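The sequence shown begins at 408 in this note's numbering and counts up by one.
C-beta atoms are modelled at their ideal positions from N, C-alpha and C, and glycine is treated no differently.
On a predicted model such as this, the values are computed, not experimentally measured, just so you know.
Notes follow the structure.
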Amino acid sequence: MIIDGKLISLQIQDEIAIEVNKIKSNGGKLPHLAAILVGNDGASETYVAAKVKACEKVGFKSTLVRMPSTTTEQELLEKVNELNADADLDGYIVQLPIPKHINEHKIIEAIAPEKDVDGFHAQNVGRMALNLPTYLPATPYGIMQLLERYKIETVGKHCVVIGRSHIVGSPMSILMARNTNPGNCTVTLCHSRTPDLKEFTLKADILIVALGKPEFVTADMVKEGVVIIDVGITRVTSDKTKTGFKLVGDVKYDEVAAKASYITPVPGGVGPMTIASLLKNTLKASRREVYF
Ligand code: GUN
């Protein structure tokens with residue numbers, strides 16, 4: 408079965424729009440999300456534009472803060488402090504990557520945890536690990552939503568995660584091991600230093616792939632009936648499309664789909680869910696559900 412992330416994302420956006428209408432009719436303050444975009448990375452421009460558009464669609468207020476690629480660390484820290492102090496703003500994100508001359512860690516730690524709707528601040532990562540109320544990072548939260556809404560059984564399953572990034576692989580391994588539903592998996596976290604990856608992937612009931620190598624996972628690496636969550640999204644050249652490129656995941660889709668019980672396509676799988684997650688976190692922030 409194909410997991411339709413686009414459809415679920417739209418459903419969640421509809422649910423959020425209904426909540427916004429309730430807030431409006433009660434005369435409440437609209438949820439307000441801001442994004443800081445430093446420089447003009449092409450992919451970041453696209454992602455941030457999609458986030459702003461989604462805010463408009465559900466009825467949130469949104470603010471885009473653009474800063475040049477020459478912005479200093481001090482200037483960005485000052486902007487972060489300004490947004491921390493802005494009482495009208497419920498939550499905000501600093502779109503990554505930021506220019507190399509700025510210490511990313513320092514910036515993320517300067518974000519007020521109660522406004523960190525990306526869930527990247529150490530305090531929120533710690534709260535996630537402890538299963539305390541927090542903002543889950545967008546991609547892992549989106550994957551959890553897909554597993555939940557497709558009623559995919561996870562209890563007692565062996566979940567193999569490939570990739571240990573701070574924004575996907577590492578939090579995903581924590582979430583799948585927690586005593587929650589979805590969750591309660593036995594988790595194996597594989598990464599670039601794992602010898603004989605296939606030995607592990609062949610044992611996966613649920614395989615979450617987030618390493619950024621197009622069509623890396625092939626049919627011989629998975630068992631019959633596996634659940635495949637493909638987080639990869641790479642632009643490759645193609646002579647079959649008008650634009651001359653196409654998006655491919657980390658999984659060789661056609662051959663792996665033939666063996667999978669569930670699989671997320673690329674595009675239209677995990678990608679659209681990240682927006683829905685960010686909106687959910689912003690609604691939580693505006694309701695002071697996490698920190699109060
Ligand atoms: N860059 C890639 N993914 C993300 C994300 O989820 N949040 C932010 N802020 N930047 C990103």
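Cβ-Cβ separation, residue j to residue i (assumed contact under 8 Å), whole Å
i: Gln552; j: Met680; result: 6 Å
i: Leu440; j: Ile430; result: About 14 Å; that fails the 8 Å criterion.
i: Pro547; j: Asp525; result: About 11 Å separates the two Cβ atoms, so there is no contact after all.
i: Lys659; j: Glu622; result: 4 Å
i: Lys691; j: Tyr542; result: 7 Å
Per-residue DSSP class, three states only, for residue i
i: Tyr548; result: helix
i: Thr641; result: strand
i: Val634; result: strand
i: Tyr454; result: helix
i: Cys776; result: The requested residue 776 is not part of the displayed model; the chain covers only 408 to 699.
i: Thr593; result: strand
i: Leu503; result: coil
i: Tyr557; result: coil
i: Met660; result: Just to set this straight, residue 660 is Tyr in the shown sequence, not Met. Tyr660 falls in the helix class under three-state DSSP.
i: Leu539; result: coil
i: Ile670; result: strand
i: Ile581; result: helix
Other residues of its chain near residue i: CB distance less than 6 Å, five sequence neighbours each side excluded
i: Cys566; result: Met583, Cys592, Val594, Ile613
i: Asn713; result: In this structure the chain extends from 408 to 699, so residue 713 is not present and cannot be described.
i: Glu521; result: Tyr698
i: Ile615; result: Val568, Met579, Ile636
i: Ser469; result: Leu440, Val459, Cys462
Beta-ladder partner(s) of residue i, from DSSP
i: His573; result: His573 is not bridged to any residue.
i: Asp497; result: BP columns for Asp497 are empty, so no partner.
i: Lys468; result: His439
i: Val616; result: Ile569, Asp637
i: Leu444; result: Arg473
Same chain, Cβ closer than 7 Å to residue i, five either side skipped, listed in chain order
i: Gln502; result: Ala442, Ile443, Leu444, Ser451, Tyr454, Val455
i: Tyr557; result: Ile410, Tyr669
i: Asp682; result: Per the sequence shown, the amino acid found at residue 682 is Ile instead of Asp. These residues qualify, in order along the chain: Ser416, Ala457, Lys458, Ala461.
i: Gln420; result: Ala461, Lys464, Val465, Ala683, Leu686
Residue i Cβ short of 8 Å to the ligand GUN heavy atom set
i: Thr681; result: yes
i: Tyr454; result: yes
i: Gln502; result: yes
i: Pro544; result: yes
i: Ile574; result: yes
i: Asp525; result: yes
i: Ser451; result: yes
Neighbourhood of residue i by C-beta distance below 8 Å, restricted to the same chain and skipping five residues each side
i: Thr608; result: Val567, Ile569, Cys597, Leu614, Val624, Met628, Val629
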